[in-house]
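In our numbering, the protein residues as written are 4 to 160.
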């Protein structure tokens, strides 16, 4: 394998390469911060799949799985299975995430419902303005449309 076919080796040997050079040789651009964003997206999409696999599990106040969940228990469980640690409550989870705008939200981001500055509910963004969540007593884990404009988004890092 030549150095031109192995971009990381090229970058290591030369110390830098222009984007134009990389485009000509068919390489990819490696930039600081992008790997962690991609990693966050992978953890998020995997957590989303885990939450979806819990469809129909009953709500249980203070429960974090594997068979019963409250809202933050579902997000904690789902991300824990991907190797990421989250605090126990929705508010603490919001404080631990990288905050992102509605226009920058992606599948696997957390959706935090708030009243003023108080976060009271959390779910995992599934795309198409929907979340997987454990709504309240007497319900089950389910996919549901986001029903409020009072939401913030956070990305687990």
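All C-beta atoms, glycine included, are put in the ideal place defined by N, C-alpha and C.
> Rounded C-beta distance between residue 137 and residue 76? I'm assuming under 8 Å.
Replying inline: 7 Å
> Does the beta carbon of residue 87 come closer than 9 Å to any beta carbon on chain E?
Replying inline: Judged by its chain identifiers, the structure shown contains no chain E, having just a single protein chain.
>> Going by beta-carbon coordinates alone, are residue 110 and residue 97 separated by less than 9 Å?
In response: no
> Who does residue 127 pair with in a DSSP beta bridge?
Replying inline: 113 and 135
> Cα separation between residue 153 and residue 117?
Replying inline: 6 Å
>> Tell me whether the segment 79-87 and the segment 138-148 touch, counting them as touching only if at least three CB pairs, one residue from each stretch, are closer than 8 Å.
In response: no
> Where do the ends of the beta strand (DSSP E) carrying residue 68 lie?
Replying inline: Residue 68 -> no beta strand (DSSP E), and no H or E assigned at all.
> Within 10 angstroms of its Cβ, does residue 106 collect 16 or more other Cβ (buried), or is it exposed?
Replying inline: exposed
> Is the distance from the Cβ of residue 158 to the Cβ of residue 101 below 9 Å?
Replying inline: yes
> So what does DSSP say about residue 153, is it helix, strand or coil?
Replying inline: coil
> If you count every other CB in all the chains shown that lies within 10 Å of the CB of residue 120, and 16 or more means buried, which is it?
Replying inline: exposed
>> Applying the 10 Å Cβ sphere with the 16-neighbour rule, what's the burial state of residue 148?
In response: Its Cβ having fewer than 16 others within 10 Å, residue 148 is exposed.
>> For residue 146, report the span of its beta strand (DSSP E) as first-last.
In response: 145-148
>> By the three-class DSSP mapping on this structure, what secondary structure does residue 158 have?
In response: Of the three classes helix, strand and coil, the one that applies to residue 158 here is strand, per DSSP.
> In terms of residues, what are the limits of the beta strand (DSSP E) holding residue 57?
Replying inline: Per DSSP, residue 57 belongs to no beta strand (DSSP E) and is neither H nor E.
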